[in-house]
Structure formats: C-alpha cells, structure tokens
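Asker:
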Amino acid sequence: MTVDVMGFLLAGTYTSLGVVKAMDNDSFIQLGASLIVGGVLGYGAYLNSRDPPRPLFQLSTELLLAGIMGTRYTLTSDVNDGALFLATAASAFYNSYTYTEDLSNQIDIDDFLGRVDSRKITIKIPDIKKVIE
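Each residue of the sequence shown is one higher than the one before, starting from 864 at the first, in the working numbering.
1) Measure the C-alpha to C-alpha separation of T937 and D944 and round it to an integer number of angstroms.
2) Can you have a look at T865 and say buried or exposed, based on whether 16 or more other CB atoms are within 10 angstroms of its CB?
3) Is there contact here, the region 960-969 with the region 899-919, by at least three beta-carbon pairs under 8 angstroms?
4) Do three or more CB pairs link the region 900-914 to the region 871-884 at distances below 8 angstroms?
5) Can you give me the start and stop residues for the alpha helix (DSSP H) that S842 sits inside?
6) Helix, strand or coil for S940 per DSSP?
7) Around the C-beta of M886, are 16 or more other C-beta atoms found within 10 angstroms, so that it is buried, or is it exposed?
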C-alpha cells in the first residue's frame with residue numbers, strides 16, 4: 864500500500880500558509896477556511912492511500928481549488944496565491960497521471976447512466992386509482 868505523499872504535502876501547505884496568513888490578518892474566518900480546506904485535501908490524500916485508491920475526490924477538489932487560487936492571483940497579484948495555484952495544478956496533473964487506471968475504474972459512464980443490469984434501480988409507483996376504489 865502506497866502513501867500519497869504529494870497529497871499530504873499539498874494539504875499541509877494549504878493549512879500552514881492559511882494559518883500564517885490568518886494570523887497576519889487576524890482573521891478567524893480565514894483560519895477556519897484554511898483548516899477545512901487542508902482537512903478536505905488530507906481526506907482526499909487518505910482516500911488515495913487506501914487500496915484500491917479513489918482519486919476522484921481529491922482530483923475534483925484540486926481542480927476546484929486551482930480555479931479559486933488562479934482567480935485570486937489574477938485579482939490580487941499576491942505571490943502566495945500564485946504559488947498555491949501552481950502547487951495545486953501540479954498536484955492535479957500528478958494525480959491524474961499517477962492514478963489514471965484507478966480513475967478510469969472509478970468513473971464508469973455506463974454505471975452512472977444506469978446501463979449496467981446488475982445495478983439498475985426500479986421504482987414501482989402504486990396505482991392510486993385502484994387504492995381509492
């Protein structure tokens with residue numbers, strides 16, 4: 864069983880930079896947000912470290928955070944936001960390359976659309992007219 868070192872490093876980076884920035888700005892909201900984001904990324908790294916890996920959660924979280932940090936960097940030109948954007952994008956590319964086979968196993972479009980017979984869900988709606996009579 865392998866450990867997703869890149870995922871845990873990214874979670875620690877988000878948490879530590881968020882805590883430092885929150886202490887600098889005296890913002891409890893930013894402190895809470897950085898702890899939540901670091902926890903979510905850490906949970907994604909934990910899911911990647913299990914057997915079999917489940918990379919979809921962490922990959923979607925990384926892509927969302929890359930978009931947020933890229934937008935913040937564009938609006939504020941803060942170096943920390945730009946560095947976090949680059950780290951998040953690099954981690955997303957790393958995860959999509961490393962866990963390609965597991966990602967394709969996790970995303971099954973036929974299962975999502977309900978085309979797999981063993982996993983079909985049927986809902987039987989009773990006829991109300993017969994019940995009333």
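Positions of the beta carbon are idealized from the N, C-alpha and C atoms, including for glycine.
Every value quoted in this text rests on a predicted model; they were computed, and no experiment measured them.
Answerer: In terms of the structure at hand:
1) 9 angstroms
2) exposed
3) yes
4) yes
5) Lying before the first or after the last residue shown, residue 842 is absent from the chain, which here runs from 864 to 996.
6) coil
7) exposed
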